[in-house]
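So in the working numbering, spot 78 of the sequence shown is number 107, and the numbers just go up one at a time. See below for the structure under consideration.
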Amino acid sequence: MRFQAFRAKCLAAAAFILLSPVPVQAQPEWPQKPIRLVVPYAPGGSADTLGRLIAKHLGEAFKQPVVVENRGGAGGLIGSQMVAKAAPDGYTLVISGIGSHVIAPVDAANTFDPLKDFTHIALLGGPPIAMVVNSEQPIRDFKGFISYVSHEPKGMSWASPGQGTHGYLTGETFRAVSRLNMVHVAYKGAGPAVADLIANQIPAGFMTLSSANAHVESGKLRLLALTSPRRLPEYPNVPTFTELGYPSVTGTTWFAVSGPAGMPQAVVDKINAEVRRGLQTAAARKQMAMESMVSADYDSAGFTRFVASEIEHWTPAVKALAKVR
């Protein structure tokens, strides 16, 4: 009897322990360590400018360093693919964009799926594409460009920031509809392309206006046309491709913050909110105005729908160009 009473007490104690609420250790608030922000292009272009702008704000807001890492090549595919394979914990992000996540994957279908392999977090914005020539070239305006290339037996070579970038798509679209003899030279980012342009190593180029802005202002490059829907206040004498009779050569470049697929929604929402807040600061507004960049306000779900619509819009054009290359 004494043993049975002891056994009953032990069972009761065990039951009490098992049924008692166990304190759950709270998960530490993200972020707890530095964040890596991959820019899949060389330093000096629009993606790099926006990446560093938002990295500074996020670092201050989250009180953790946001380290920008340039991994250029293949129109943004190399750096983007690296991020697609990273852990979806919010500590590895990428500056995505129309080039790396809309245009380039069409030509490299086995690289990654731009929707399934990424979490699209927040739109940053971007500038129109600019058609520029070195100022030492005997070309004063768009009409002069058409005349010069038409009478040049060897045609004209032109630079883009890389195969699959928006600059590439714009230049190739213009070449196709104008039927001019133009030879594409792909660079590993806007920085190297601009460097050769201002050195007159290559006569012409298609790239974001923000990549060329400073050298247009200095007189080293001449701005001939823009893909914006209307003329820009800062360049009132520069026509748009639409008004020049090329309505298919239009559209604004955009860049954004994305991460690997499967990121926690709470982390996504936190980054999205802070990016949107950062773009409204006086410093960001000033920088984006200087770079002729515009943005739009999306939550992560709205931005993901925007990416899907861009893929649907641009894929037929990219495939059509691939057939005539």
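Ideal placement from N, C-alpha and C gives every residue a C-beta, glycine not left out. Since we're looking at a predicted model, the values are computed, not measured.
By the neighbour-count criterion, in which 16 or more other beta carbons inside 10 Å mark a residue as buried, residue 96 falls on the exposed side. Between residue 152 and residue 285, the C-beta spacing is below 7 Å.
About 5 Å separates the beta carbon of residue 171 from that of residue 253, a gap short enough to meet the 8 Å contact definition. Restricting attention to 149, 187, 194, 268, the CA atom closest to the CA of residue 225 is found in 187.
Taking all protein chains in view, the Cβ of residue 202 is crowded by 16 or more other Cβ atoms within 10 Å, so the residue is classified as buried. Beta-bridge analysis with DSSP links residue 229 to no other residue.
Exposure of residue 142 is indicated by the presence of fewer than 16 other C-beta atoms within 10 angstroms of its C-beta. Scanning its chain for C-beta atoms nearer than 8 Å, with the 5 sequence neighbours on each side dropped, one finds around residue 351 the residues 135, 136, in chain order. In the structure shown, residue 181 adopts coil according to DSSP, grouped into three states. Beta-bridge pairing by DSSP links residue 124 to 286. In the three-state scheme derived from DSSP, where H, G and I count as helix and E and B as strand, residue 87 is classed as helix.
Taking all protein chains shown into account, residue 266 has fewer than 16 neighbouring C-beta atoms within 10 Å of its C-beta and is therefore exposed. Membership of residue 199 in the alpha helix (DSSP H) is indicated by the continuous run 195-207. In the three-state reduction of the DSSP assignment, residue 168 falls in the coil class, being assigned neither a helical nor a strand state.
Take residue 348, set aside five residues on each side of it, and the residues of its chain with a beta-carbon closer than 7 Å to its own are 135, in chain order. In this structure, 233 is the residue among 140, 180, 233, 116 with its C-alpha nearest to the C-alpha of residue 163. In terms of Cα proximity to residue 154, the closest of 214, 282, 242 is 282. A distance of 7 Å or more separates the beta carbons of residue 235 and residue 132. The shortest CA-to-CA distance from residue 217 to any of 205, 197, 176, 80 is the one to 197. Taking 8 Å as the upper bound for CB-CB distance, residue 122 and residue 313 are not in contact here, some 18 Å apart. Around the beta carbon of residue 77, a 10 Å sphere encloses 16 or more other beta carbons of the protein chains shown; the residue is thus reported as buried.
Spatial neighbours of residue 297 in its own chain (CB-CB distance under 7 Å, excluding positions within 5 residues in sequence) are listed in chain order as 148, 150, 329. Nearest Cα to residue 107 within the set 62, 240, 124: 124. In the structure shown, residue 270 falls within a coil segment according to DSSP collapsed to helix, strand and coil. For the segment 288-330, the full-length alpha helix (DSSP H) segments reaching 4 residues or more read 294-308, 311-319 along the chain.
For residue 108, the enclosing alpha helix (DSSP H) covers residues 106-113. Between residue 94 and residue 60, the C-beta spacing is not below 7 Å. From the listed residues 289, 326, 195, the smallest Cα separation to residue 278 is found for 195.
One Cα belongs to residue 222, the other to residue 269, and the distance between them is close to 22 Å.
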